[in-house]
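S.K.: Residue numbers (this note's numbering): -4 to 138.
Quick one: structure below, then a few questions.
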Amino acid sequence: MSGITLSLLRALLNAFGAVVLGAPVGIKFWTVTAYWSLLMSLFTFVPAACVFGTSRVGWQNALSYSTYCTSSDVVDYMISVPSHGAVMGAWLGAWPMPLDWERPWQEWPICVTYGAIAGHLIGIIVSLILIVAQKRRVRVKAD
């Protein structure tokens, strides 16, 4: 299968997961849910697919939480931390949606999208910090 086909399938899986977890269903919301799921696919699936391809071990190493403590590979940090950050940011971005403030930014998927973008950016910064800390740890051990 081509990369575009797999990305679209992953986006479909993201959309299904969003609907199962409470995203609004209907013709009015279908397009924004599709856009959001494509964005989440871009943040989570596409970078790992570009780097690891079909390597099962690469996917397991990069997307497991044990990466943060045991990984010595810089690529694992660069793939897994922003992906986890996007997912956690989207999840945390959803908390103001059910509050009845009647604000336009509370509509689906605005909060979740901003949360995913912020989480991804924070994940990039954290991955850089982890890479620098890991490099320092290796230098100290070498000395």
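Glycine residues also receive a C-beta, built at the ideal position from the N, C-alpha and C atoms.
How big is the Cα-Cα spacing for L37 and Q129?
M.R.: Roughly 27 Å between the two C-alpha positions.
S.K.: Please specify which runs of the beta strand (DSSP E), each continuous and at least 3 residues long, are wholly inside the region 66 to 106, giving them in chain order.
M.R.: The qualifying runs do not exist here; there are none.
S.K.: Hey, out of K23, L34 and G21, whose CA is closest to L8's CA?
M.R.: Nearest C-alpha to L8: L34.
S.K.: In chain order, what are the residue ranges of uninterrupted alpha helix (DSSP H) at least 4 long that sit wholly in the region 106 to 136?
M.R.: As far as the region 106 to 136 is concerned, it has no whole alpha helix (DSSP H) run of at least 4 residues.
S.K.: Only counting the same chain, and skipping five residues up and downstream in sequence, which positions put a Cβ closer than 6 Å to that of S78?
M.R.: Closer than 6 Å at Cβ, skipping near neighbours: T39.
S.K.: Taking one C-beta from the region 19 to 30 and one from the region 99 to 115 each time, how about it: are there three or more such pairs within less than 8 Å?
M.R.: Because the criterion of three Cβ pairs below 8 Å is met, the region 19 to 30 and the region 99 to 115 touch.
S.K.: Nearest CA to the CA of V70: which residue from A57, G48, S32 and E97?
M.R.: The shortest Cα separation from V70 among A57, G48, S32 and E97 belongs to A57.
S.K.: In terms of residues, what are the limits of the alpha helix (DSSP H) holding P42?
M.R.: Run containing P42: I22 to F47, per the alpha helix (DSSP H) assignment.
S.K.: At which residues does the alpha helix (DSSP H) containing G17 begin and terminate?
M.R.: Segment: none, G17 is in no alpha helix (DSSP H) and carries neither H nor E.
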